[in-house]
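Read the structure below first, then the notes.
Chains as they are written, first to last, in this note's numbering: chain R, 218 to 667; chain L, 939 to 1039; chain S, 1420 to 1569; chain Z, 7 to 396; chain E, -1 to 685.
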């Protein structure tokens, strides 16, 4: 059976903030866009965050409306829970992507996300969305603000007891679903495949991932998020409210011994942001940030850093060399206090946060045939004047797929990628130009998005 | 009536064949479920006596406190325990009504 | 002290332009700076729309002070700032006539990032209200016990 | 005091084997990972920084490089691959050269040509001496009767009569010893400075046990955190080396003999023990340096090769002398003996007081002086300000 | 005139067939804790439920999420809610979001009112009870307004498919090109006679090591050859009227001064010299000049700014020639405006780090020019003096601290990081090392911020290149002093070096380069003309750094490049492309929507006094027109919505209260004030 074919102007790969923004910027120009996301919901890494620097807006207040706008935009077709198998160029110069949509075992049309199935399911599993501190069941709605807001079954951790099916009021559970093949035909491709954080166990000196109270910064985002696993900032070893928290900067960046030489750009700011938020949640807690250089380079960022200093967050210059723990699982950091006479000290904290960096998560060469740079991210050969152009004509890159960057820079770059893709579609689309459905002056066009 | 019976039968057969197909993961998950159920039982028993903190439950059950925390978190999410204030630096939890009975 | 009538905290109405004071108040929020809770900020396109009676009626309804936070010379509307100033100037004699302390109405220019001036105004108006109390007392007393205007 | 930055020291230290010291961005990881540092002892970063700043005098005054045993943790975890451990190693070489006021040591560290020249010169000493004595005897100079080349059997003590050899060894030993003492005194002056004279002699005497302890056992090495194998190997090496030193310097009259002793004779047992240990330890060190697997062996300065290579060559030639002698081959014995002595003299003259050999003394001395300073600081003497590492 | 799609809202409102029952849905958002951490949201909801007309009162963790929006939609569809009030973040963030929600559920989008509970309540108050009471009052006021909401419709206007780009630097060029590539017309104006901006003054650029002018000219050539782009050099924006989709802009262009065919000759003949701004005043150039060899446009231009009376006499081929500046104006209609006015390097005060007092102290932009002019060879020679020790000082004019640094003329210190200087410095240091192997290079910094892709490599390389780094604390900036006469180096930097245990150290130097920060080009004229706002850092302000990072608060005006904040070339280009995308979104549809907040006349009350016309400052916004009412020929006020700015001046002017502002009526304000002073519904709020 031939796969269902979807014809669009642009295929956007990745439903994180960069992908969503690129898709919206293309769709709002009148182009047809297919947005393909690997996870069951769009939102990317950003939707996991609590609040965002330097404005301290609640993160979901920025992300969820964009997710909603993507879902409701009449020019965007959303494909979640999909894997792209291959991308080839056809004779007419258009790309065709072979996509497999994984079965959710839930009928997406009828599911109302009432979560009765979830309550009925007996299997509790660590929830990756909560950095495994929280739980989900074998059938679950990915998270409270997921788009689409629909349940799915984790078939690999299901005993097929059928309880969910019995309680479902609309009968949407369907164990017989099969993967669906799709072919997406597009003139341009925007890669917005994002990044991965440095694994917490990457550095043996930091406990190799075995110390329970040494957590990564994404975990703290979840602890701080109102929808987080505990609803409070508690440490994972025993649920204690921490009095003393240390941040270790460059725990996954600027370290040749880890094979990551570059700066991940976001860690200084998120550590400062989290410090401020923790100070708000736990006013008595002492917070220390061990750093090499504080890199608060963006608009309003240095002022943010000064505010944190004024709030009493301690900034200590020195790279933590080693973390051990005492018998109560309190982490102990060993560090040279560079600014304080160079003495070596061992300091005990209740919880230590590794300011992990950003690394490339996959090899884009295999599917998309674009070059990667030495840092593993998509190469942008014309990086100065055309920062979104890749080595392959018609394929553009958006957001942190082209190297570490923060949300502001990702959103700006997403706009730039949309501009590049639009220009490419304009120049090479069918009939010479104007692959997009550009609208004549005065012609009414439903503006479906918010 | 017969239709409904037929349906139930078909459904049971379908689930059974599926279980056969996913034998490996189903068995693995069943083992996990059993393990978790025994832990939950211990935790519930320990918590019969009233609100407790995670280290208290850990002490009473002999389970590692991080595991207790995870299970309490799970139970809280699905309304099986609820948070009832703090004791020192720890939150206290008690069994939700239906669990108490 | 203004406890003789209308118990409860005095109320400050802030008419803030979207392009100036309202955005400025938002910046104050962004900065998480604290100020008194008796402040009610209403967004306004341009305060030039409010006729003189509007202010008098507001005082009569029980608003104890009004801060008009407009954009001053940065007003995006032609003549908006001047027109607003003219109207406010006409309100003052009307207030006097009714025995209302003219310090209860202030026109100030607040820009989108004017956090410090915003806080200063709110602090000052509350200091004033601590001193002169509720407007209702003044209105009840009539023009004879008029407080000296500054 | 003028603290003027002088970037030339980095370049200089590279000649002493510092590998990538420029790359250091002063994060402090090395100092914090080092198991030997604490709130009082802070290195290697402080040393690297002094080098980057070019503060020569202050480096000369510090004993810190001697407190490091090169476990390599700092280099393994350095985020910039700046090889701090190699910098400490290079600083030990540099300091060794600085303690030697003659400048000879510096030359040998920084110029391979100078090393070859020195070896060539020193190794000629025994050859020339033998030629002179045998020549003079042939010319009929009296008093040289014991010099004789016997070819029908092995008669080493006739080829090179032991008391003559011993005399030469002792003379060289005194000369080298005085050089060593001069350098040690210099080091003492540098490290203790003004303080040296203020500290009561009593403390020096009471703490002298520290010196002996560290000389013999390298006790501090055990705090290094790494496994104890290297410490033990080194201890073994020292025991072998010390045995051989005593046999040659103190007991040569007994050790160099034409007698064929039974296998369990103490002369043979001691000799074998020292030989086996030296051969094993130096052989392993050399192979390690060739393979470059462990951090400590990844980089090698010529001076790292020299000392073990000398011992290795000395041991091998010694074994061959021994075999040839017991086999009863006169000529091979004599020639090998000359070669052996050439190696030993070269070694002593290029190492003692100026080469890597001197770490035998400098390292325990540094510990000793540190301890003395600590003790002095502990004493309730009001005129003494507490003194840290820097 | 653009085609107008006039609002029919006024007519509709009047002719609404029956007074439908007002059913209000009130929603109090937790804002992910931002509000609920201070305000007892449940109590607010409970209180609001007791108000008249409120049929639904709910809370949600985040109302703006899809699930939150779905609640509203459901209430509209299932519970007949026909007015919606959400109390959440500032209206500037999500008012549009919820209008969309309401519209999706089939309601007029203006049956929505947004109350800012976050920025104006929970974020500024700590007293939870008082903040909760205030929230109830603010929401009550919103609900009071909601009772009086009327259906409105956006004013739809056809949009000029044409954009104006202000600034011919890299960002302006990039934006112009990207807008054009999307099929729109562009007018690009540049203040100076030549394109390229500051990028033309650079040599090699990071992180690609490309030649700056080669890269720049690649783009300039594209722009020059682009038939969709009209370029005006020596031009400034001098007037603007209109609104998004239909801005009528006036451009004033100075004369180039000399005709193309004789320009080279005239340049050769010119003798009057002025400091060369291309070389930051380090050299002189003629007043008839080319910015640099190979500049675009290639024709020399007269530098009128340096000729006070706008007239220049010249002797050419023995003849006296008079040149005169005859500025001309050009009127263009555009739908959107891109501000790409760029930056200016921070100019240190006289005496700041010895600048202007010691000849050995220069800024980095100056040094780049000096280096480009320096003789080739193994040794660096600047101004004919050999340089053996060179010191760089970071954060000059950036990351300044109150009470430590002297403020700018406007009283502010530059407390921001200029983002590019660290990498630029190290890039330069490496370049120096490659060219001058024996040069001693010192780098005095606070934090090294080589954050960008490939930037850390410059730091690593600089270290390996034996650049000696010294670190100061911001509160204790280094000092630059002249050395004593017998010293080998003429100047030195003194600082407390925190890598050397905070010791005072001195760095000998023959040349000191100040890594100066980035300041926005002064654009007060544009700020006044376009009504855009600068932030406290003086850079132009975006609406929201994440939601709308390149848009200004003025519809149709977007930002590109360093006018918005410090950026690298790459970041400027990304921002410019993003701005182009926004312009395309706005204009490629050929129509724009304006908010319907315009004046509206109640013909029953209007007496034709004409006061409104008198007070209105906008051309053709209100006119008195003759019409027949009740058989009588009368004059009545008529509003032209496309021309009405919605300021409301007419509202207060009308003696008969016959004119009001749609969406912001006086009556609505009155009822809001009533709600504020009213007793709040009794709810028990625990403290």
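Each residue gets a CB set at the ideal place from its N, CA and C atoms; glycine is no exception.
Among the residues of chain R, none has a CB under 8 Å from the CB of residue 226 (chain Z); the nearest is roughly 16 Å distant.
For residue 1459 (chain S), the enclosing beta strand (DSSP E) stretches over residues 1458 to 1463. Contact of residue 423 (chain E) with chain Z is not assigned, every C-beta pair being separated by 8 Å or more. Contact between the segment 629 to 646 of chain E and the segment 601 to 610 of chain E is present, with at least three C-beta pairs closer than 8 Å. Relative to residue 42 (chain E), the option among E:283, E:378, E:136 whose CA is nearest is E:136.
In terms of CA proximity to residue 569 (chain R), R:549 leads the group R:549, R:585, R:494, R:330. Shown here is that no member of the segment 398 to 422 of chain R has a Cβ falling below 7 Å from a Cβ of chain L. If you draw a straight line from the Cα of residue 245 (chain Z) to the Cα of residue 222 (chain Z), it comes to about 9 Å. By the CB criterion at 8 Å, residue 426 (chain E) and residue 437 (chain E) fall outside the cutoff.
For residue 395 (chain E), no Cβ of chain R is located within less than 8 Å of the residue's own Cβ. For residue 188 (chain Z), the three-state secondary structure derived from DSSP is helix. In its chain, beyond the 5 residues on either side, 659 have a beta carbon closer than 6 Å to the beta carbon of residue 646 (chain E). The C-beta of residue 21 (chain Z) comes no closer than 8 Å to any C-beta of chain E. Per the Cβ contact rule, the segment 563 to 577 of chain R is in contact with the segment 470 to 487 of chain R (3 or more Cβ pairs under 8 Å). Between the segment 307 to 318 of chain R and the segment 374 to 394 of chain R, the count of Cβ pairs shorter than 8 Å is below three; the stretches do not touch.
One finds 513, 514, 518, 519 in chain R with Cβ atoms closer than 7 Å to the Cβ of residue 415 (chain E), taken in chain order. Per DSSP, the continuous beta strand (DSSP E) segment holding residue 55 (chain E) begins and ends at 52 to 58. In chain order, 548, 549, 556 place their CB closer than 7 Å to the CB of residue 580 (chain E), counting only its own chain and leaving out the 5 sequence neighbours on each side.
Taking CB atoms only, residue 267 (chain R) has no neighbour in chain Z less than 8 Å away. Burial is judged here by how many other beta carbons sit within 10 angstroms of a residue's own beta carbon; residue 207 (chain Z) has fewer than 16 and is exposed. Taking 9 Å as the upper bound on Cβ-Cβ separation, chain Z lies near residues 534, 535, 536, 537, 538, 539 of the segment 523 to 549 of chain R. Using a 10 angstroms sphere on the CB of residue 526 (chain E), the tally of other CB atoms stays under 16, which defines it as exposed. The residue from E:133, E:169, E:496, E:143 with its alpha-carbon nearest to that of residue 577 (chain E) is E:169. Beyond the five residues adjoining it in sequence on each side, residue 1514 (chain S) comes within less than 6 Å, by CB distance, of 1521 in the same chain, given in chain order. With distances taken between CA atoms, residue 1492 (chain S) lies nearest to S:1438 out of S:1438, S:1553, S:1429, S:1431. Following the DSSP letters along the chain, one finds residue 316 (chain R) inside the beta strand (DSSP E) bounded by residues 312 to 318. Among the residues facing chain Z, residue 433 (chain E) is not included, as its CB has no counterpart in that chain under 8 Å away.
With a cut-off of 8 Å on Cβ pairs, the segment 425 to 436 of chain R is not in contact with the segment 982 to 1000 of chain L, counting fewer than three such pairs.
Contact annotation: residue 258 (chain R) and residue 363 (chain R) have beta-carbon atoms nearer than 8 Å. When rounded, the separation of the alpha-carbon atoms in residue 557 (chain R) and residue 499 (chain E) is 7 Å. Taking 8 Å as the cut-off, the beta carbon of residue 512 (chain E) is found closer than this to the beta carbon of residue 351 (chain E). Take the alpha-carbon of residue 30 (chain Z) and the one of residue 465 (chain R): they are about 19 Å apart.
Close to residue 208 (chain E), with beta-carbon spacing below 7 Å, lies no residue of chain Z; the smallest spacing is near 26 Å. Considering only R:600, R:265, R:533, R:638, the residue with the shortest C-alpha distance to residue 33 (chain Z) is R:533. Interface criterion met: the Cβ of residue 1003 (chain L) is under 8 Å from a Cβ in chain R.
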